[in-house]
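Asker:
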Amino acid sequence: MHCNSIATTNTMDTCALESLFIEGCPSLIGFPKGGLPTTLKQLKIMKCGRLEFLPDGIMRHGSTNAAALQILEISSCSSLTSFPRGKFPSTLEQLRIKDCEQLESLSEEMFHPTNNSLQSLHIRGYPNLKALPDCLNTLTYLRIEGFKNVELLLPRIKNLTRLTGLHICNCENIKTPLSQWGLSGLTSLKDLSIGGMFPDATSFSNDPDSILLPTTLTSLSISGFQNLESLTSLSLQTLTSLEHLWIDDCPKLRSILPSEGLLPDTLSQLHMRQCPHLQQRYSKEEGVDWPKIAHIPCVEMNK
5 MHCNSIATTN TMDTCALESL FIEGCPSLIG FPKGGLPTTL KQLKIMKCGR
55 LEFLPDGIMR HGSTNAAALQ ILEISSCSSL TSFPRGKFPS TLEQLRIKDC
105 EQLESLSEEM FHPTNNSLQS LHIRGYPNLK ALPDCLNTLT YLRIEGFKNV
155 ELLLPRIKNL TRLTGLHICN CENIKTPLSQ WGLSGLTSLK DLSIGGMFPD
205 ATSFSNDPDS ILLPTTLTSL SISGFQNLES LTSLSLQTLT SLEHLWIDDC
255 PKLRSILPSE GLLPDTLSQL HMRQCPHLQQ RYSKEEGVDW PKIAHIPCVE
305 MNK
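If you're matching positions, the sequence shown starts at 5 in the numbering used here and goes up one per residue.
#1: Alpha carbon to alpha carbon, what distance is there between Leu182 and Val292?
#2: Where does Leu24 fall in DSSP's three states?
#3: Quick one: using the 10 Å Cβ neighbour count with 16 as the cut-off for buried, is Pro59 buried or exposed?
#4: Please report the distance separating the alpha-carbon of Gln278 from that of Asp252.
#5: Please give me, in chain order, every unbroken run of the alpha helix (DSSP H) with length at least 4 that falls completely inside the region 233-271.
#6: What does a CB cutoff of less than 8 Å around Leu217 pick up in its chain, not counting 5 residues either side in sequence?
#7: Are the CB atoms of Ser207 and Glu247 nearer to each other than 7 Å?
#8: Whose C-alpha, out of Glu155, Pro117 and Ser82, is nearest the C-alpha of Leu140?
#9: Can you give me the start and stop residues for the alpha helix (DSSP H) that Gln283 sits inside?
#10: Should Pro301 be labelled buried (16 or more other beta-carbon atoms within 10 Å of its own) or exposed?
#11: On the DSSP letters alone, give me the boundaries of the alpha helix (DSSP H) that Val154 sits inside.
#12: First and last residue of the beta strand (DSSP E) that includes Lys102?
#13: Going by DSSP, which residues form a beta bridge with Met276?
#14: Should Gly200 and Asn231 be called a contact, given that it needs their Cβ atoms to be closer than 7 Å?
#15: Can you tell me the Cα-Cα spacing of Thr75 and Pro255, whole angstroms?
#16: Give me the Cα-Cα distance between Pro295 and Glu289, rounded to the nearest whole angstrom.
#17: State the Cα-Cα distance for the pair Glu77 and Arg128, rounded to the nearest angstrom.
#18: Would you list, in sequence order, the uninterrupted beta strand (DSSP E) runs of no fewer than 3 residues that lie entirely inside the region 72-96?
#19: Compute the beta-carbon to beta-carbon distance between Leu110 and Leu73, rounded to the nearest angstrom, for a pair I have assumed lies under 8 Å.
#20: Between the beta-carbon of Leu125 and the beta-carbon of Leu96, is there less than 7 Å?
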């Protein structure tokens, strides 16, 4: 639903609605009493700059009926300050909060202690969030981008042992080195994407024996490291499950492997973009290190 002049919505608690998208309603301030249809499974509220109140039906409080939400996204609602009273429904599987600068932090009290359904959390531009509630250990996917308080979240990430996907990007103020994130202990992790951080770093670790990444990775993306010169500390040759490797916008990167190393035989796709030194070094048949990647079925290089 796109709208320009609506200030409140009509009651919806008696219809059999399953999905509701509200986007670009600059006059929308709140929702009527009565909440949402209990049949609602997906709710997205985006670009409603004057919205002050979320519908009561997204939370369960006392005997109040709550929607059986599975997906909730709140994005670009700059006037929103709080959630309704109560707890998120135990059916919630995906939660996305993006660019809500005044919204209160998530807390333990908002989740059922035995909630095992929440699998995916995506946060961006959410300055009031200072920590991940302990009850979120069921997460299998976590995406953090453009987030100033990411330092406060890093100690919790190593406890998210069910994670299969982790994306952290454009968090320039991270100080904790990658070697202290505890990623090697995330033995379910398959998809890792990091980028837009450590602006002065030339390497991820000075310890040649450190183990930074879990061997379970099948996909790895590294992007936006402006001064990074080497990936040898990642020991890519030991990632024996790796199938896809993306390296993007690392203009000073010169090497991805130790002098005697080879990328794993499992690798089927290698993409290098905006990495001029790598493109020269690994160019087909002409590059000095082309033999190290010649066994990979799909190699793409773009300027």
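Every residue gets a Cβ at the ideal spot worked out from N, C-alpha and C, and that includes glycine.
Answerer: In terms of the structure at hand:
#1: Straight-line Cα distance between these residues: approximately 29 Å.
#2: Secondary structure of Leu24 (DSSP, three-state): strand.
#3: Looking at its Cβ environment, which holds 16 or more other Cβ atoms inside 10 Å, Pro59 is buried.
#4: If I take the Cα positions, the gap works out to 6 Å.
#5: DSSP runs (the alpha helix (DSSP H)) wholly in the region 233-271: none.
#6: Only Leu187, Ser188, Leu196, Leu224, Leu238, Ser239 and Leu243 meet the Cβ criterion.
#7: No Cβ-Cβ contact shorter than 7 Å links Ser207 with Glu247.
#8: Answer by Cα proximity: Pro117.
#9: Counting along the chain, the alpha helix (DSSP H) containing Gln283 begins and ends at Pro280 to Arg285.
#10: So Pro301 ends up on the exposed side.
#11: Element bounds for Val154: Val154 to Ile161.
#12: Start and end: Gln98 to Lys102.
#13: Beta-bridge pairing by DSSP links Met276 to Ile251 and Met305.
#14: No; because the gap between Cβ atoms is not below 7 Å, this pair is not in contact.
#15: According to the sequence as given, residue 75 is Ile; it is not Thr. The straight-line gap separating the alpha-carbon atoms of Ile75 and Pro255 is approximately 38 Å.
#16: Their Cα atoms are separated by approximately 8 Å.
#17: Going by the C-alpha atoms only, they are around 12 Å apart.
#18: With a minimum length of 3 residues, the unbroken runs of beta strand (DSSP E) contained wholly in the region 72-96 fall at 75-79.
#19: Rounded, the Cβ-Cβ distance is 15 Å, inconsistent with contact.
#20: Taking C-beta atoms as the reference points, Leu125 and Leu96 fail to come closer than 7 Å.
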